[in-house]
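The structure appears right after this line, and notes come after that.
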Amino acid sequence: MKTRLLKFILPVVVMGFAAAAAMNTPQNSVKNALVNEVGYIRHSNLTDCEPSDECSPTGSQMCTVGDVPGATRLWKKNQNNQCIVQLFRPQ
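Going by my numbering, 125 is the number at position 78 of the sequence shown; the sequence numbering is gapless.
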């Protein structure tokens with residue numbers, strides 16, 4: 048009787064601990080991370096843009112071609128297809 052009880056109760060207890068541990072595990076950091084976006088070189092007008100390097104939507108340093116300080120600045124397109132949204136150097 049004791050053996051039968053252990054064979055049933057032990058797996059249930061182990062599954063309960065596993066479920067509790069899974070719920071207390073921190074979320075995947077990739078899910079919380081911001082996704083890099085394509086940075087565009089802006090030409091003669093706001094809608095004449097050429098895709099270039101990847102940039103970040105947040106940061107402190109401007110995103111530039113080849114990540115070179117002082118190089119051509121890169122922009123993100125807005126809903127009107129204009130390259131006017133500021134982008135930053137990838138983290």
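Glycine is no exception: its CB is placed at the ideal position from the N, C-alpha and C atoms.
Being a predicted model, the structure only gives us computed values, none of them experimental.
Which of the three DSSP states, helix, strand or coil, is assigned to residue i?
| i | result |
| --- | --- |
| proline 111 | The sequence given here places threonine at residue 111; proline does not occur at that position. Strand, per DSSP. |
| lysine 78 | Only weak support exists for where lysine 78 lies, its pLDDT of 45 falling under 50; the value from the coordinates is given anyway. Residue state, collapsed to three classes: helix. |
| alanine 65 | helix |
| proline 116 | coil |
At what residues does the beta strand (DSSP E) containing residue i begin and finish?
| i | result |
| --- | --- |
| arginine 89 | 84-89 |
| aspartate 100 | 96-102 |
| glutamine 133 | 130-133 |
| leucine 93 | Element bounds for leucine 93: n/a, residue is neither H nor E. |
Is residue i near the ligand NAD, going by C-beta to nearest heavy atom under 7 Å?
| i | result |
| --- | --- |
| glutamine 126 | This structure does not include the ligand NAD; it has no bound ligands of any sort. |
Which residues share a DSSP beta bridge with residue i?
| i | result |
| --- | --- |
| lysine 124 | Cys130 |
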